[in-house]
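**Q**
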Amino acid sequence: MSLFIRKALRGWKIIAERMGLSCMSEKYNLTKTWKGSKITFIGAMSDSVFVSMYIRHRTPNIYVPPGYWGKAELLQRKKVRRTIMAEMYNHHTVEKKWQKIWEEEKAFHTPNDFTKPKFYALVEFPYPSGQGLHVGHPRPYTALDIVARKRRMQGYNVLYPMGWDAFGLPTENYAIKNKIHPKEVTKNNVARFKAQLQSLGYSFDWDREVNTTDPEYYKWTQWIFLKLFKAGLAYKKEMPINWCTSCKVGLANEEVVNGVCERCGSEVVRKVKNEWMLKITNYADKLLEGLNDVDYIERVKTSQRNWIGRSEGAEVDFVISGKEEKLRVYTTRPDTLFGATYMVISPEHPLIDKYKDEIKNYDAVIEYREMAAKKSDFERTELAKDKTGVEIDGMTAINPLTETEIPIWVSDYVLMTYGTGAIMAVPAHDDRDWEFAKKFKLPMIQVVEGSEGPVDINEAAFTDVATGKMINSGFLTGLSVEEAKEKVKAFLEEKKIGHRKVNYKLRDWVFSRQRYWGEPIPIVNCEKCGAVAIDESELPLLLPEVESYMPTDNGESPLAAMTDWVNTTCPCCGGPAKRETDTMPQWAGSSWYFLRYTDPHNTEALASPEALKYWLPVDWYNGGMEHTTLHLLYSRFWHKFLYDEKVVPTSEPYQKRTSHGMILGENGEKMSKSRGNVVNPDDIVRDYGADTLRTYEMFIGAFDLSASWSEDGVKGCRRFLERVWKLQTLLKDEEGYSKDLEVKMHQTIKKVSYDFENLKFNTAIAAMMALINEFYKKNEVTKGEYRTLLTLLNPVAPHITEELWEITGGTGRLFLQSWPEYEEAKTEEATVEIAVQINGKTKTTIAIRKEEEKDAVLAKAKEALGGKLSGNIVKEIYVPGRIVNIVAK
RNA sequence: GCACUAGUGGCGGAACGGCAGACGCAACGGACUCAAAAUCCGUCGAGGGCAACUUCGUGAGGGUUCAAAUCCCUCCUGGUGCACCA
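Residue numbers for the first sequence follow our numbering, beginning at 25 and rising by one.
Printed below as a string of structure tokens:
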């Protein structure tokens, strides 16, 4: 920045201050800079007016040096003042004023009035990160704030709460790095987040604020864990887990993203550790069935179904040649059993060790196993194209149907964690087996043909289940695939060589974390009694104060170093015992927080039965797509468990689930510090106001799709609100709607009401913009029209509309008014303009009354077409009130 | 690879069987200004015509229909999720 610009900037700032105007950030002084030889210099500004000046670079008569600012000031002062007084909206004062009033009047306090109809709106509570609020946060919050405000106006008792999902790694990592207690870090972050959210004017009931790190809260998280433990759903298991080399914690499968740690991005390796597990798989069917009774967007249901991954198949036992031993496989295609030409077991399969003496190439097999173990799950699954494997020398199996001897291979494309860790390979009808067989030149037998006859299985595997017909399959030949599946399953069961089996992709939830900043697991390990639950009366089991939050290299939690805390007595036998030092994952606290909101200060229970009965289920839950298979599934699992335990009255926690799209940077990329495209909501609130930010984020595009930020778009929304503000100058004394705008008013009420409930906020706002354009066209607006507009807009822009309501003499508070009603009959024009088409191409339009008969309309249409109509009329179509189409040859 | 989702002016997006481009942004022209900003009025998919008008146009190609951006089939491209799940 040149000295000249800097001086000029200072000059404008002084002028602005003298005029009693706040000054805009320097950022905006520099946004528009060079334009040909000009510098576009935006100097001081009022709260809304950019008082700017083009200074022709190096042109003395236009360049105004600081000494001449006096003159400029005079010019500016007169004009700007006038504009501001008469027309301009000061968001600073108005927003502050109403936020204060709402707080004092406890405007959005939610009574537990069990006699009124309820509406429970929920947004995912944020993780209070050190970065503060992201511009993406307000999108879902504003959306449901709109719905909540509208529902209040419609007479519902609305619960719209907010809280903090505050346990978690980033806080702990920050604490370690900066030597501040995580508790302090959390406190600061929460304070900042709260202030930021409050500056946006949300109608959250802050009386019900919850925080997962509050002992009064996590007491109940621990209580639920004890219930799970007592029900046998929490168990400890020695198992290979995903181990993050950097965080030194075990991760749930769901937390591993592309083979690296979701949190830190470090490599994830397999490591055997004794971990707490939750048996979510016990609820797989219930979680699946429950989806039929809820109103989730299809995308979410599909994701959950795919994640649970239920498949119906059969387990089949293959006899190992010359032994009693049987090799059990799981298959979804038992119908293709006649085509099984070899078997594959996973490198970790116990059969290998059991028969080590008989496997002639044992060393080669072990070498292969070690190679596979080095690979992370990511590599093992990623190298899809290039199959690897070793044939077991000295061991074969017998196909139970064909009784032929087939080889057994070891390959890492078979996973020990799914099914039985062994498969029968049918290369003719499975893509993976086909690739493997091609590579190792293994035989293929076609047992299914298409409806058109045989297909060439040398080209690709034939996997069409719908049209396939069995061939070369003994007693199955001639059947359809579905028939064959049934028949072979029955056969297997009859001969006791196999049985029906349902399998799931879903795995149990790894619940342990070797971390400090989480809920302590309320278990005591006794040498005599094993893992014993502590007594409920001892809850909450407080997180002890520690010096160091550093994870230990041996994978123990930092809590392990606290010997005073660790050493205790067994609640069962009274002997010496040690406390569990692992903590719970962040997902624990967020799995039930919506229950606590219903009765957040209850000390006797996680919430009173009355409150739960009244408020549940959550009527509308909005959150990110990224939580569909983690948080959303976990919390449904906990809820279903609590339902079985008769703690909660509903089997599903959320009646309706919607998802919002991401807000991307101005360049269309994800916002991130490294890309330098982060927008801070504080800046937008300061420069344009909370109402503008809210309006903009709702107007930015379809709610469920991602959208790119645009500062010009923000200005457009600001302009809209200012036009609403300035409408006061056109206000007429008349009540009610003027005749010529009556239809438009009813249409707008209908559209906005519908759109707010259907996530179409962008078109709702567009409709209101169109409405005020009508007022401006007429150059007047009646009181009735204006008040309806303000009411419709209030959920989106609560501050400015409340102020205008007061200015224009509205009684009481706007947010307490009832939602405008429309009459269906009045949403339609008496006369409509319809298109007249010839052969589907629009030629002209005609105006008709909507009740006019088809013949009359057609006659009118033909008259309007005049000479354009030629040839023989074949057909005449009239869609009432829509279109006339004349088909002519 | 599989699943889901999307592809429409200079841009964000409307319309989701019935007049494509609502609404907003940007741009351009005009009014007001010494000037600029702000504001207000106007133009704004492409081609052709002095004009009234006309032809073409919703990723590509086919199809269904009186009528397709919208429904069906094949393909291309982007986004998201999952990933050798037998």
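Ideal Cβ positions, reconstructed from N, Cα and C, are used throughout, including at glycine.
Note that the structure is predicted; figures quoted are calculated from it, not measured.
Tell me whether ALA917 sits in a helix, a strand or coil according to DSSP, three-state version.
**A** Nothing can be reported for residue 917, as the shown portion of the chain is limited to 25 through 913.
**Q** Hey, how far is the Cα of TYR678 from the Cα of PRO546?
**A** Cα to Cα, the separation comes out at about 28 Å.
**Q** Is it buried or exposed for SER561, if we count other Cβ within 10 angstroms and need 16 for buried?
**A** Exposed: under 16 other Cβ atoms inside 10 Å.
**Q** Which residues in the same chain have their Cβ closer than 7 Å to the Cβ of ASN909, if we skip the five residues on either side of it in sequence?
**A** Here the set comprises GLN861, GLY864, ILE901.
**Q** Evaluate VAL659 with the Cβ neighbour count: other Cβ atoms within 10 Å of its Cβ, from every protein chain shown; 16 or more gives buried, anything less gives exposed.
**A** Reading off the sequence shown, one finds Ser at residue 659, where the question assumed Val. Answer is buried; the Cβ neighbour count reaches 16.
**Q** Please classify ASN710: does DSSP put it in a helix, a strand, or coil?
**A** The sequence given here has Arg at residue 710, not Asn. In this structure, ARG710 counts as helix in the three-state DSSP scheme.
**Q** Alpha carbon to alpha carbon, how far is ILE870 from GLY905? Give it in angstroms, no decimals.
**A** The alpha-carbon atoms of GLY905 and ILE870 are separated by roughly 11 Å.
**Q** Would the region 115-128 and the region 182-197 be scored as touching if the rule is three or more Cβ pairs under 8 Å?
**A** Too few Cβ pairs lie closer than 8 Å, so no.
**Q** Would you report the Cα separation of PRO633 and VAL671, rounded to the nearest angstrom?
**A** In a straight line, the C-alpha of PRO633 is about 8 Å away from that of VAL671.
**Q** Mind checking whether GLU240 and TYR540 have CB atoms under 8 Å apart?
**A** It is not a contact, given that the beta carbons lie outside the stated cut-off.
**Q** So what does DSSP say about VAL820, is it helix, strand or coil?
**A** Reduced to three states, the DSSP call for VAL820 is coil.
**Q** How would you write the range of the beta strand (DSSP E) that TRP126 sits in, first residue to last?
**A** Per DSSP, TRP126 belongs to no beta strand (DSSP E); it is in the alpha helix (DSSP H), 115-128.
**Q** Which two residues bound the contiguous alpha helix (DSSP H) that contains PHE464?
**A** That run of the alpha helix (DSSP H) goes 455-464.
**Q** Considering only the alpha carbon of each residue, which of VAL353, HIS116, THR487, TRP533 lies closest to LYS260?
**A** For the residues VAL353, HIS116, THR487, TRP533, the minimum Cα distance to LYS260 belongs to TRP533.
**Q** Please list the terminal residues of the continuous beta strand (DSSP E) segment that includes GLY554.
**A** Element bounds for GLY554: 554-557.
**Q** By DSSP, does VAL903 sit in helix, in strand, or in coil?
**A** Three-state result, VAL903: strand.
**Q** Anyone know if the C-beta pair for THR605 and ARG537 falls short of 8 Å?
**A** Contact: no.
**Q** Check GLU415 in the structure and name its three-state DSSP category.
**A** The answer is strand: DSSP assigns GLU415 an E or B state.
**Q** Please classify THR326: is it buried, with 16 or more other beta-carbons within 10 angstroms of its beta-carbon, or exposed?
**A** Classification for THR326: exposed.
**Q** Under three-state DSSP, which class holds ASN306?
**A** Helix at ASN306.
**Q** Less than 8 Å between the CB atoms is what I'm expecting for VAL368 and ALA388, so what's the real figure, rounded?
**A** About 16 Å separates the two Cβ atoms, so there is no contact after all.
**Q** With three or more beta-carbon pairs closer than 8 Å as the criterion, would you say the region 702-722 touches the region 823-830?
**A** A contact exists between the region 702-722 and the region 823-830.
**Q** On the premise that ASP643 lies in contact with PHE143, defined as a C-beta separation below 8 Å, what is that separation, rounded to the nearest angstrom?
**A** With 8 Å as the limit, PHE143 and ASP643 qualify as a contact, their Cβ atoms being about 5 Å apart.
**Q** Do you know how far the Cα of PRO705 is from the Cα of TRP267?
**A** The alpha-carbon atoms of TRP267 and PRO705 are separated by roughly 37 Å.
**Q** Within the continuous beta strand (DSSP E) that includes GLY337, where are the two ends?
**A** 335-344 is the span of the beta strand (DSSP E), which, as asked, contains GLY337.
**Q** Given that a residue counts as buried once 16 or more other Cβ atoms are within 10 Å of its Cβ, and exposed if not, what is GLY554?
**A** Result: exposed.
**Q** Tell me the DSSP secondary structure of VAL234 in three-state form.
**A** DSSP places VAL234 in strand when its eight states are reduced to three.
**Q** Judging by CA-CA distance, which residue of ASP436, THR420, ASP454 is the nearest neighbour of GLY363?
**A** Answer by Cα proximity: ASP454.
**Q** To the nearest angstrom, how far is the alpha carbon of SER732 from that of VAL703?
**A** Each residue's alpha carbon lies about 11 Å from the other.
**Q** Output needed for GLY895: all residues of its chain with C-beta closer than 7 Å, excluding positions within five of it in sequence on either side, in chain order.
**A** ALA912, LYS913.
**Q** Please report the distance separating the alpha-carbon of ILE495 from that of SER615.
**A** ILE495 and SER615: Cα-Cα distance of roughly 51 Å.
**Q** So the alpha helix (DSSP H) SER777 belongs to, where does it begin and stop?
**A** Unbroken alpha helix (DSSP H) run through SER777: 766-781.
**Q** Leaving aside the five residues before and after ALA508 along the sequence, list all residues of the same chain whose C-beta is less than 6 Å from its C-beta, in chain order.
**A** The residues are ASP359, MET494, LEU500.
**Q** If VAL438 sits next to GLY445, beta carbons under 8 Å apart, how far is it from one beta carbon to the other, in whole angstroms?
**A** The pair is a contact, with the Cβ atoms about 7 Å apart (cut-off 8 Å).
**Q** Of the residues PRO164, ALA145, LYS140, GLU128, which one's Cα is nearest the Cα of TYR649?
**A** In the sequence as presented, Tyr is not what sits at residue 649; that position holds Met. Considering only alpha carbons, the answer is PRO164.
**Q** Is the CB-CB distance between ILE781 and VAL171 below 8 Å?
**A** Here residue 781 turns out to be Glu, not Ile, going by the sequence shown. Contact flag set, yes.
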